[in-house]
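Trainee: Just dropping this structure here.
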Amino acid sequence: MTQCAPKPMQQKPVQDYGVFLGINANQANRLDDYRMVVIEPSEFTEDQIKQLQADGKTVYGYLNIGTIESYRPYYARFQDLALGVYENWPDEKWIDVSSPVWQGFIIDELGKQVAEMGLDGFFLDNADVYYQYPTREVFVGLVAILKGLKTYDITLIINGGDAFVSECINAGIALSLFDGINQETVFTSIDFENNTYGEQTEEERAYFQAYLAKAKASGLAVYLLEYRANQELAKEIDAYCEENGFFWFNAESLDLE
């Protein structure tokens, strides 16, 4: 009786980039297929981060520099610096980044604590505070925070913040402050009211693609975070990113699990 050799198990292709801010260390297997991952550092220990790196991953930690969430243990310390509620995110408020108190906290306390966990870089959120409050003081405050975080000698990726990033590019200071950008919803869109996802408008897509081309030309690394792109759209995004040397992640939802 002839025996057939067992078929080799098909391995899932390794993905370049994944954003998993909604998981904790007990769900670390979600990261298995990704080379570069973004995590919420408060949900992992230093040893767990080292293990991810030993498995060949580049690990970035989320750091919120432009808003403050009500569930953070330090919320009460800084709530008097809040500028206003973040639309569609009721548990977050924009923060006064021009405050030396906030700058010191982000650089010397929270940033230091996260950097000492051995992460490869920071994923910096809500530089969009400059779009909401476009004053010189806010711009200078963000620059001060970035300069301070640069002293930890790890990679800095700014999530969103196109108004701030564009001004930095125009001033010729972008690469001295950060290493790359992540842009959400270039090709996809989010309907917060109905909790659904769709395709981005042609106008918005054209704006973001021009912005990303500008970022690339200035030497910044570029990442895209999309939400529930269907198979046809995913192929289009794949081709766009391959052509431009960008990386992208197709998230199932805003929960980023």
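Letter by letter, the sequence shown follows residues 323 to 579 in my numbering.
For each residue, glycine too, the CB sits at the ideal point set by N, CA and C.
What is the DSSP secondary structure of GLU391, counted as helix, strand or coil?
Mentor: Against the sequence shown, residue 391 aligns to sequence position 69. It is a strand residue.
Trainee: Who are the Cβ neighbours of THR380 in its own chain at under 7 Å, not counting the five residues just before and after it?
Mentor: Counting from one through the sequence shown, the residue named residue 380 turns up at place 58. Result list for THR380: ARG357, MET358, ASP442, in chain order.
Trainee: Considering only residues of the segment 431 to 506, which uninterrupted beta strand (DSSP E) runs meet the minimum length of 3 residues and lie entirely inside it, listed in chain order?
Mentor: If we require 3 residues or more, the beta strand (DSSP E) runs fully inside the segment 431 to 506 come out as 443 to 447, 477 to 481, 502 to 506.
Trainee: Identify the continuous alpha helix (DSSP H) that holds ARG357 and give its terminal residues.
Mentor: Residue 357 sits at position 35 when you count from the first residue of the sequence shown. Careful: ARG357 lies outside any alpha helix (DSSP H), inside the beta strand (DSSP E) at 356 to 361.
Trainee: Which of the three DSSP states, helix, strand or coil, is assigned to TYR533?
Mentor: By one-based count along the sequence shown, residue 533 stands at place 211. The answer is helix: DSSP assigns TYR533 an H, G or I state.
Trainee: So the candidates are TYR549, THR518, ASP402; which of them puts its Cα closest to the Cα of THR507?
Mentor: Along the sequence shown, one-based indexing puts residue 507 at 185. The residue with the shortest Cα to Cα distance from THR507 is TYR549.
Trainee: Tell me which residue opens and which closes the alpha helix (DSSP H) that GLN425 is part of.
Mentor: To locate residue 425, count along the sequence shown from 1; it is residue 103. Segment 422 to 426, the alpha helix (DSSP H) holding GLN425.
Trainee: Between the Cα of TRP411 and the Cα atoms of ILE428, ILE390, LEU534, which residue gives the shortest distance?
Mentor: Counting from one through the sequence shown, the residue named residue 411 turns up at place 89. Selected option, being the one with the closest Cα: ILE390.
Trainee: Less than 8 Å between the beta carbons of PHE571 and VAL341, yes or no?
Mentor: Numbered from its first residue, the sequence shown carries residue 571 at position 249. Numbered from its first residue, the sequence shown carries residue 341 at position 19. A contact, by the Cβ cut-off of 8 Å.
Trainee: Leaving out five residues before and five after TYR382 in sequence, what residues of the same chain have Cβ atoms less than 8 Å from its Cβ?
Mentor: Position 60 of the sequence shown, counted from the first residue, corresponds to residue 382. Excluding residues within five positions, the ones whose Cβ falls inside 8 Å are MET358, VAL359, VAL360, ILE361, LEU441, ASP442, GLY443, PHE444, PHE445, THR477, ILE479.
Trainee: Beta-carbon separation of LEU403 and ASP418 under 8 Å?
Mentor: Position 81 of the sequence shown, counted from the first residue, corresponds to residue 403. Position 96 of the sequence shown, counted from the first residue, corresponds to residue 418. In contact: LEU403 and ASP418 (Cβ atoms closer than 8 Å).
Trainee: Answer yes or no: do ILE345 and ILE387 have a C-beta to C-beta separation smaller than 8 Å?
Mentor: Counting from one through the sequence shown, the residue named residue 345 turns up at place 23. Counting from one through the sequence shown, the residue named residue 387 turns up at place 65. Their beta carbons are not under 8 Å apart, which means ILE345 does not touch ILE387 by this criterion.
Trainee: Would you grab the beta carbon distance between GLY483 and ASP450 for me? Rounded to a whole angstrom, and I think it's under 8 Å.
Mentor: Numbered from 1 along the sequence shown, position 161 holds the residue referred to as residue 483. Numbered from 1 along the sequence shown, position 128 holds the residue referred to as residue 450. Going by Cβ atoms, the distance from GLY483 to ASP450 rounds to 5 Å, so yes, they are a contact pair.
Trainee: Using 8 Å as the Cβ pair cut-off and three pairs as the minimum, do the segment 533 to 545 and the segment 455 to 472 touch?
Mentor: Flag = no, the segment 533 to 545 and the segment 455 to 472 do not touch.
Trainee: So, for LYS372: in the same chain, excluding its five sequence neighbours on each side, which residues have a beta-carbon less than 7 Å away from its beta-carbon?
Mentor: Residue mapping note: residue 372 aligns to position 50 of the sequence shown, counting from 1. GLY440.
Trainee: Since GLY502 and LEU542 should fall inside the 8 Å C-beta cutoff, what is the C-beta to C-beta distance between them, to a whole number of angstroms?
Mentor: Indexing the sequence shown from 1 puts residue 502 at position 180. Indexing the sequence shown from 1 puts residue 542 at position 220. Going by Cβ atoms, the distance from GLY502 to LEU542 rounds to 5 Å, so yes, they are a contact pair.
Trainee: On the criterion of 16 or more Cβ atoms from any shown chain inside 10 Å, does LEU578 qualify as buried, or is it exposed?
Mentor: Counted from its first residue, the sequence shown places residue 578 at position 256. Buried.
Trainee: For a test of the three-state rule: what should DSSP assign to GLU548, helix, strand or coil?
Mentor: The residue given as residue 548 occupies position 226 in the sequence shown. GLU548: strand per DSSP, three-state reduction.
Trainee: Three-state secondary structure (DSSP) at GLN375?
Mentor: Within the sequence shown, residue 375 is the residue found at index 53, counting from 1. Three-state DSSP puts GLN375 in a helix.
Trainee: May I ask you to report which of helix, strand or coil DSSP gives GLN522?
Mentor: Here residue 522 refers to the residue found at position 200 of the sequence shown. In the structure shown, GLN522 sits in coil (DSSP, three-state: anything other than H, G, I, E or B).
Trainee: Look up LEU555 in the DSSP assignment and say whether it is helix, strand or coil.
Mentor: Counted from its first residue, the sequence shown places residue 555 at position 233. LEU555 falls in the helix class under three-state DSSP.
Trainee: Given a cut-off of 8 Å on the beta-carbon distance, is the pair LEU555 and GLU521 in contact?
Mentor: Along the sequence shown, read from residue 1 onward, the residue named residue 555 stands at position 233. Along the sequence shown, read from residue 1 onward, the residue named residue 521 stands at position 199. A contact, by the Cβ cut-off of 8 Å.
Trainee: Can you list, in chain order, the residues of its chain whose CB lies under 6 Å from that of GLY433, leaving out five sequence neighbours each side?
Mentor: As a working note, residue 433 is residue 111 in the sequence shown. Only LEU471 meet the Cβ criterion.
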